[in-house]
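Residue numbers (this note's numbering): 463 to 568.
Below is one structure, written out as structure tokens; the observations come after it.
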Amino acid sequence: MPGHKKQNGIDKTLLRVPITMTGNKGLVYGKILVDDFPPYIEAWLKHRPRGLVIMPAHRWNEKFQHPNVLRYDGNSQQLKKIKKAMKIARDRRPHEPLDLTSLRSI
Numbered sequence: 463m464p465g466h467k468k469q470n471g472i473d474k475t476l477l478r479v480p481i482t483m484t485g486n487k488g489l490v491y492g493k494i495l496v497d498d499f500p501p502y503i504e505a506w507l508k509h510r511p512r513g514l515v516i517m518p519a520h521r522w523n524e525k526f527q528h529p530n531v532l533r534y535d536g537n538s539q540q541l542k543k544i545k546k547a548m549k550i551a552r553d554r555r556p557h558e559p560l561d562l563t564s565l566r567s568i
């Protein structure tokens, strides 16, 4: 999918925050990554172990799991969880761990 279509979908669905589109996610700093390809996610998390990943759900990534990865298939309950996780990631202080335990109650 072209980058501008991905950005429009993100803008409509999630919080309005500045985003960066790139081919090599491992090189880009950020607190939140949106990607559906596990090897890119793993490369990014290798350098950002306290980062949050929103992973759009597809057949090719259905078995991929990581504590910092939230899979999203369009479900409204999942969207509530993702919005809360994004706020947690945004407000996390430097060197503070990403604590998503409060999402269990959603």
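All C-beta atoms in this analysis are idealised placements derived from N, C-alpha and C, irrespective of residue type, glycine included.
Spatial distance of Ile550 from Leu560 (CA atoms):
8 Å
In the DSSP assignment, what residue or residues form a beta bridge with Met517?
Arg533
If you drop the 5 nearest sequence neighbours on each side, which residues of the same chain put their C-beta closer than 7 Å to that of Tyr502?
Lys487
C-alpha distance - Gly485 paired with Arg552, whole-angstrom precision
23 Å
Under 8 Å Cβ to Cβ from Pro511, same chain only, skipping five residues before and after it: list those, please.
The answer, listed in chain order, is Asn530.
According to DSSP, simplified to helix, strand and coil, what is Leu565?
helix
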